[in-house]
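Working notes for the structure below.
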Amino acid sequence: MVGCEVLGCSKEQRVDGVTLHRFPPDNSHLSALWYRKCGNTCVSQTSGMKNRRVCSSHFRADDYVETVNSRRLKEGAVPSLNLPPSPTHKVDITMNRRNAESSFFVHIGGNVIRVNINLATAETPQNGSQLFAEAIGTRNSFTMALSTRDAIQIESAQEPTPENRKRPKLEQRVVRLAKDVQHYKERSAKNRKEKNDLKMMYTCKIARKRAQFHLARGNLITKYEVQIRILKNGIKKYRNATSKLFSPKQVTLLLTGRKQAKWNNAEIGKFISLRYKSNLYEHMRSLSFPFASTRTLQRFTSKIQFRPGILHPIINMLKNEFESALDIQRQCCLVFDEMSLEGAFAYDAEEDKIYPPSVNMNVYFLRGLFSNWKQPIAFEFDDHFSPEKILQMIDLAESIGLRVRGLVCDLGGKNRGLLNKLGAKVRKTKSSTGDKYSIVSSFKNPTRCLDEIWVFPDAPHLIKLLRDNLFKYGLVLESGVKIILDDFRKLVSIDSGELQSNFKLSEKHINVKGLQKTTVSLAVQLFSNFTAALWRKIYPNRSKESDFIEIVNNWFDTMNSRTVQEAISSKKPFGINYAQQLETLEKMEESIVKLRVGQAKCLYPFQRGFLQSINSIRGLFHDMSGSSLRIKYILTCKVNQDLAENSFSMIRKTGAYHSRPSAVDAKRRLKLLCLSWGGTNLKTSAVQVEDNEPFLSARMMASLTTAMPEDDLVVPWLDLNEAVGNLLSEDNFDVVLRSMGPAQSCEEGGKEYVAGFVASKFARDHPELVASSQEQQLLQNFSWVMSLHKEKLTIPSIKWRNWCAQLEEEFRDFHRVGGRYHLSLDSGVLEGFSVSLSEKYPQIPRGPLKLFIKTRTFARIKSVNQKLVEERRVAAQKRMEGWVRSQSRGPQTGHEEDYDEDDNFFEEEDNFPEDFDYQVPNVSSSINWQEEYQNYINSEV
1 MVGCEVLGCS KEQRVDGVTL HRFPPDNSHL SALWYRKCGN TCVSQTSGMK
51 NRRVCSSHFR ADDYVETVNS RRLKEGAVPS LNLPPSPTHK VDITMNRRNA
101 ESSFFVHIGG NVIRVNINLA TAETPQNGSQ LFAEAIGTRN SFTMALSTRD
151 AIQIESAQEP TPENRKRPKL EQRVVRLAKD VQHYKERSAK NRKEKNDLKM
201 MYTCKIARKR AQFHLARGNL ITKYEVQIRI LKNGIKKYRN ATSKLFSPKQ
251 VTLLLTGRKQ AKWNNAEIGK FISLRYKSNL YEHMRSLSFP FASTRTLQRF
301 TSKIQFRPGI LHPIINMLKN EFESALDIQR QCCLVFDEMS LEGAFAYDAE
351 EDKIYPPSVN MNVYFLRGLF SNWKQPIAFE FDDHFSPEKI LQMIDLAESI
401 GLRVRGLVCD LGGKNRGLLN KLGAKVRKTK SSTGDKYSIV SSFKNPTRCL
451 DEIWVFPDAP HLIKLLRDNL FKYGLVLESG VKIILDDFRK LVSIDSGELQ
501 SNFKLSEKHI NVKGLQKTTV SLAVQLFSNF TAALWRKIYP NRSKESDFIE
551 IVNNWFDTMN SRTVQEAISS KKPFGINYAQ QLETLEKMEE SIVKLRVGQA
601 KCLYPFQRGF LQSINSIRGL FHDMSGSSLR IKYILTCKVN QDLAENSFSM
651 IRKTGAYHSR PSAVDAKRRL KLLCLSWGGT NLKTSAVQVE DNEPFLSARM
701 MASLTTAMPE DDLVVPWLDL NEAVGNLLSE DNFDVVLRSM GPAQSCEEGG
751 KEYVAGFVAS KFARDHPELV ASSQEQQLLQ NFSWVMSLHK EKLTIPSIKW
801 RNWCAQLEEE FRDFHRVGGR YHLSLDSGVL EGFSVSLSEK YPQIPRGPLK
851 LFIKTRTFAR IKSVNQKLVE ERRVAAQKRM EGWVRSQSRG PQTGHEEDYD
901 EDDNFFEEED NFPEDFDYQV PNVSSSINWQ EEYQNYINSE V
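Residues in the sequence shown are numbered consecutively from 1, following full-length UniProt numbering.
Shown next, in the form of structure tokens:
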């Protein structure tokens, strides 16, 4: 690093902040003067002058010329400040000998300087002696001639070495660097100050901006917090309002706008209720109601097995449900009833089979006596109720931990025979005091022989039968006391003003016809306290008749109690007003024993039903109150048939105008009813509306979605006849044309239409099924489809016609063993049959083959059902002719008109002896289809 050349000056420009001035390059005299001023005695050593420098600390202020931006040295200026002593002077030094031969360190002015001493001629100096020396050389290295004598004058000195000659230049450089350092220090301090000023300024600006930002942010946060609070309150109100209609998941869909959700079983059950109990489900979905799609419901229900017979998945579900239930929750009753069906062939896609025409569906229900649950456990088609099946259902319920206490049914002809076989009978016994009746209304439990199962004829059905017989024959209460239809007509005609005393009685209660006879409310309102009070007002001298009407009203209230909070005493649960209720039952029992229908001499079956129901409710309450359960009351609505009637009503309602479903439709609707959540009948329903408690299976659908067994998934192999023959080639047009002459039958035209329909569905994937333009010209005079002159109809090709002819032969052979109507009732009529045909005819595309078989099967089913309708029409006409002939022989007495709600016709019953086991034949159809089919199969075998 370049420094000041002055001897003893160690300043540098960069370190000390001084300015280094070069030796004058153009003036050798001035340069030599500068050299001597720097402390160099050897003037001859002037080489390298231009590279030597002297720092500004050796010049006076007047040696400079000041300019605007800087200052420069005057010409002829000579260093005059801070210069070393003259070359010949005495220096007081203290020498400590470190090396006796040549080197010593001496202290000069507080600086430690290495001194090279020539001791060749001098004596060894003593420590601490005062030496006088002449400084020769640079500031850091001196060569001295020493003498041991005190204060002697140095006579000679050594010549400077080349290293000593560089010393001034280095010293000047040091001075310059020191000045540079000082300059940069001052500049750095100035920059540091400016930096601090800028930092302070921008810190203040940032602080102001930050304060403004925080203030604005606080205002925005406050503003949006208010808006968020308003929105949250609105959403909360919206959720509270919509939660009454929708589940939380549905509300979330409405708020977020999403279209899909993972529905749980309860929600799926409610959607099934809406979908299959209303025709507006898809319309509501189109209005953005958050409902599951129909396909989702179909996928869910397809997992559940539901076939005629005992419903084993439901039985397993009940077993798991009541495994840890209380004993009071296990008490139940068995309810069974039948529902009339269309009586037509129907195809079931789930089982891939055709169901024969069935006229009835028998359903068995279980219902809790002291807890709110109900459940179908079995159903059958065209099968009569028998004692064996009833006992089987009871054993089944007992095996899963339930306790069957009652049996509920109506008093149809078949049910009366069933009850007689079970031992529930009413028999007349001779007595000196008059006729008395022995009432047996229970039978032993087949599983628990010490317990009784009490029989309950349906109370709503009984009161309708009482009304029907009153209107048709009149009721004789006792000798000389009779009620007939005209008495009620008079009541209605007198009380027909604008303001009626009995607004519940009108012409519709008197003129009941057809399906109106199934409405319970019309019969109940006829025998009401309002009617009894009006009777006393219109007929003041006929108190026995009004008393009878009031007794019937009180009896029905007792047998149809529904809630504990009932204000009317007669409608309270049986057992709360026990003494009053027993008195009501005794009065009703006495009235029924005395009652006679028309000119009959004995009790009618419905009267025996009254006696059995009265005896059963007393017996059931006695058993339950005396057991460990200590039951205090019974809701008697649990022992009537409203459960079955409401279920059948909802099944009919599901089909809209198609209220008489086929066997397959009834099975499907019953399945959906078991899965649906709640649902009630319309207000115009013929039966009294049940509570909104769903079937137990609707609350536990997860246990019903079991996988199908492997045996049910295997498609049975069908052993078809051998192939009809090879396909006709396109060259054999003559053969085809001769077989399709002008005398072509209507059936051949129908086959061509079916072939064209199938070809139109697969024309894009299989163009060989559609006739080419050349084939259309050849078939122009022979094609039935072309003769219709409809452009959108598809003309089947000759190859496809030949394939359809072979498939038609296979179809006829397959269904030839299908009984009288040539319809196979085995499984695999579509899927299995199509698979076997595809393997037999690999050249025929599978899609068109399957659609052809499906179309032909449905066409066969439609044709057979039309034949069934015609046969039933002829049978009904014959029955009408027989009835007209019987009426022409004169009126007969002792008949009861027993209306069956499900079959929509009247069953005429004779007055048989008491011990006669009577069973009314099923006259809804003149043909027993299952028996006919079995006979035909046996004959074929």
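Positions of the beta carbon are idealized from the N, C-alpha and C atoms, including for glycine.
These figures come from a predicted structure and were not determined experimentally.
Leaving out the 5 sequence neighbours to the left and right, which residues in its chain are closer than 6 Å to LYS421 when beta-carbon positions are compared?
PRO387.
Measure the C-alpha to C-alpha separation of LEU696 and ARG330 and round it to an integer number of angstroms.
Taking the straight line joining both Cα atoms gives about 13 Å.
Own chain, CB closer than 7 Å to GLY480, minus 5 neighbours either side, in chain order:
Excluding sequence neighbours, GLY480 sits near nothing in its chain.
Using the rule of at least 16 other Cβ atoms within 10 Å of the residue's Cβ for burial, across every protein chain shown, is HIS622 buried or exposed?
Around the CB of HIS622, fewer than 16 other CB atoms lie within 10 Å, so the residue is classed as exposed.
Beta-carbon gap between ASP410 and ASP337 smaller than 8 Å
Result yes, Cβ atoms of ASP410 and ASP337 sit closer than 8 Å.
Using the DSSP secondary-structure output, state which residues sit across from HIS21 in a beta bridge.
Paired residue(s): VAL54.
From this set, ARG660, ALA216, GLU323 and LEU675, which residue's C-alpha is nearest SER399's C-alpha?
Considering only alpha carbons, the answer is GLU323.
Measuring only the C-alpha atoms, how far is TYR184 from VAL18?
Their Cα atoms are separated by approximately 10 Å.
Note down the Cα distance separating LEU620 from ALA567, rounded to an integer number of angstroms.
Rounded to whole angstroms, LEU620 and ALA567 show a C-alpha spacing of 24 Å.
Separation of SER616 from ALA241, as counted between CA atoms:
Computed Cα separation, rounded: 48 Å.
Would the segment 191-205 and the segment 27-37 be scored as touching if the rule is three or more Cβ pairs under 8 Å?
Contact fails between the segment 191-205 and the segment 27-37, because fewer than three Cβ pairs, one in each stretch, are under 8 Å apart.
Reference GLY832; option with closest CA among TYR821, GLY819 and LEU849:
Of the listed residues, the one whose Cα sits closest to GLY832 is LEU849.
Would you tell me roughly how many angstroms separate the C-alpha atoms of SER56 and GLN172, rounded to the nearest one?
So the two alpha carbons sit approximately 10 Å from each other.
Measuring CB to CB, does CYS333 end up less than 8 Å from VAL639?
Taking 8 Å as the Cβ cut-off, CYS333 and VAL639 qualify as a contacting pair.
Three-state secondary structure (DSSP) at VAL78?
Coil.
Can you name, in chain order, every residue of its own chain whose Cβ lies under 8 Å from the Cβ of THR684, other than the five neighbours on each side?
In this predicted model, THR684 has a pLDDT of only 44, less than 50, meaning its place in the structure is not dependable; the value taken from the coordinates is given anyway. Cβ-Cβ distances below 8 Å link THR684 to nothing in the same chain once the five nearest sequence neighbours on each side are left out.
Report the partner residues of ILE439 according to the DSSP bridge assignment.
According to DSSP, which records beta bridges pairwise, ILE439 is partnered with VAL426.
Decide if GLY417 is buried, meaning its Cβ has at least 16 other Cβ atoms within 10 Å, or exposed.
With at least 16 other beta carbons inside 10 angstroms of its own, GLY417 counts as buried.
With a threshold of 8 Å, are at least 3 pairs of Cβ atoms found where one atom belongs to the segment 504-511 and the other to the segment 544-556?
Counting Cβ pairs under 8 Å, fewer than three are found: no touch.
Using the beta-carbon count (16 or more within 10 Å), is ASN40 buried or exposed?
Under this definition ASN40 is a buried residue.
Roughly how many angstroms lie between the CA atoms of VAL724 and SER797, to the nearest whole one?
No answer about VAL724 holds up, because its pLDDT of 29 lies below 50 and its placement is not dependable.
PRO446 to GLN305, Cα distance in whole Å?
So the alpha carbons of these two residues sit roughly 29 Å apart.
I need the DSSP call for ASP327, collapsed to helix, strand or coil.
Here ASP327 carries a helix assignment [DSSP, helix/strand/coil].
Based on DSSP bridge pairs, tell me the residues matched to PHE365.
DSSP, once it has assigned bridges, lists VAL335 and PRO376 as partnering PHE365.
Rounding to the nearest angstrom, what Cα-Cα distance links VAL770 and PHE782 in this structure?
Cα to Cα, VAL770 sits roughly 16 Å from PHE782.
What's the C-alpha gap between GLN777 and VAL754?
So the two alpha carbons sit approximately 20 Å from each other.
Helix or strand or just coil, what does DSSP make of GLU645?
Here GLU645 carries a helix assignment [DSSP, helix/strand/coil].
CA-CA distance, ASP826 and ASN415?
Those two C-alpha atoms are separated by around 31 Å.
In three-state DSSP terms, what is VAL6?
It is coil, neither helix nor strand.
Return the CA-CA distance between LEU868 and SER662, expressed in angstroms with no decimal places.
Answer to the nearest angstrom: the Cα atoms are 13 Å apart.
Inter-residue spacing [alpha-carbon to alpha-carbon] between SER834 and ARG668:
Between SER834 and ARG668, the alpha-carbon positions lie close to 24 Å from each other.
By alpha-carbon positions, which one of SER676, VAL758 and ARG660 ends up nearest to ASN360?
Per the Cα distances, ARG660.
Near ILE268, what residues of its chain come up, given a Cβ to Cβ distance below 6 Å and the 5 sequence neighbours on each side ignored?
Closer than 6 Å at the Cβ level, and outside the excluded window around ILE268, lie PHE300.
Alpha-carbon spacing of LEU366 relative to ALA459, whole angstroms:
Linking LEU366 to ALA459 through their CA atoms gives a straight-line distance of about 18 Å.
With a CB to CB cut of under 8 Å and the five nearest residues on each side skipped, what residues in its chain are close to GLU752?
When the five nearest sequence neighbours on each side are left out, the beta carbons in the same chain lying within less than 8 Å of the beta carbon of GLU752 are those of SER783, TRP784, VAL785, PRO796 and ARG801, in order along the chain.
Would you decide whether ILE174 is buried or exposed? Buried here means 16 or more other CB atoms lie within 10 Å of its CB.
The residue asked about is misnamed: residue 174 is Val in this sequence, not Ile. Buried, since its Cβ has 16 or more Cβ neighbours within 10 Å.
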